[in-house]
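First the structure, in the form of structure tokens, and then the observations on it.
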Amino acid sequence: MEVLNVIAIIVAGLMVGSELSIAALVHPTLDRLPDAVHLPAASALARVLGRFMPFRYILVFLLTLAEVLILWHQSGRLPIWIATSAILWALASLYSVTTLVPINNRIVSWAKVTPPADWKTFRSRWDLLHRWRVVLLTIAFAFLIVGVGSK
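Quick note, the sequence shown lines up with residues -12 to 138 if you use this note's numbering.
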């Protein structure tokens, strides 16, 4: 069980850190680049990160869910902090698929065609929605840590 705790916290922490660095460092840096560089770079990043994002989210959710199920089975009580964390990871995944992925796919497609004149509006919208996702992920991560620490 301790190994699962460590793996779950490391994987979740790396994911939150990755998403935070995109929000706080990568995209603000892209925003300062000329449009001719910004859009191809944003499109390339969206393509690569979009390919791996689903696996990371599923992995963290499954690790957190495993924590919940094992602890519930062992103690007969629902580990509320970790269960809440699992729910938040699931909500973050759903939020990503319904709000961020469609914008991300549109940005990826612009590498092959002429982008619309208002393409930066889509990028700004994605960045705002992503910041809310980072908040949700950070809360989920905190709940996981508290849950693992308090069992």
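Beta carbons are placed, not taken as given, at the ideal position from N, Cα and C, and that holds for glycine.
Closest in C-alpha terms to T101, from the list L131, G0, S30, comes S30.
Taking a 10 Å sphere around the C-beta of P66, we find 16 or more other C-beta atoms and assign the residue as buried. Scanning the segment 57 to 137 for uninterrupted alpha helix (DSSP H) segments of 4 residues or longer gives 67 to 82, 88 to 96, 106 to 136, listed from N- to C-terminal end.
Per DSSP, reduced to three states, the secondary structure at R19 is coil, with no helix or strand assignment. Residue environment analysis places H117 among the buried positions, since at least 16 neighbouring C-beta atoms fall within 10 angstroms of its C-beta. Contact annotation: R110 and D18 have beta-carbon atoms nearer than 9 angstroms. The three-state reading of DSSP puts M(-12) in coil, since its state is none of H, G, I, E or B. If you draw a straight line from the Cα of I69 to the Cα of S96, it comes to about 38 angstroms. Of the candidates A127, E54, S72, P27, the residue whose Cα lies closest to the Cα of M(-12) is E54.
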